[in-house]
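>
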Amino acid sequence: MLYDSRYHLHIGYYEKGLDFEAVAYKRELEDIWDVFFDFKFYNLKIPYGNRNFALQHVGIRIFSVKESDLDYDVGAQKFEEWLRSEQII
2 MLYDSRYHLH
12 IGYYEKGLDF
22 EAVAYKRELE
32 DIWDVFFDFK
42 FYNLKIPYGN
52 RNFALQHVGI
62 RIFSVKESDL
72 DYDVGAQKFE
82 EWLRSEQII
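Numbering-wise (the working numbering), the sequence shown opens with residue 2 and increments by one.
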């Protein structure tokens, strides 16, 4: 997978005293952003279904968003939904 080095977005969840962050990278030649989360940094066990693709020093891809330009609020909402679905928050 190739990513456009000009485009990445840090998205976070900072509610109720919690602080989780993920990073989204835009795929080259596609209107898709892959969102990565560093389970090891947060001392969290990697869910079995999320072992599909990793970037060294970034984390494991947890979901993708089909958008040409990913808005922070959209990314943060989807990240929060993912955190809830994985029962992290």
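Note that beta-carbon positions come from the ideal geometry of N, C-alpha and C, so glycine has one too.
Shortest alpha-carbon distance to Phe-64 belongs to which of Ala-55, Gly-76, Gly-13 and Asp-35?
Asp-35
> Using 10 angstroms around the beta-carbon of Gly-18, count the other beta-carbons present and answer buried if the total reaches 16, otherwise exposed.
exposed
> Can you give the Cα-Cα distance for Ser-86 and Phe-37, rounded to whole angstroms?
16 Å
> Once the 5 residues before and after Met-2 are set aside, which same chain residues still bring their CB inside 8 Å of it?
Excluding its 5 nearest sequence neighbours in each direction, Met-2 has C-beta neighbours in its own chain below 8 Å: Arg-28, Asp-35 and Phe-54, listed in chain order.
> Which two residues bound the contiguous beta strand (DSSP E) that contains Tyr-4?
4-14
> If you draw a straight line from the alpha carbon of Val-75 to that of Ile-12, how long is it in whole angstroms?
Straight-line Cα distance between these residues: approximately 9 Å.
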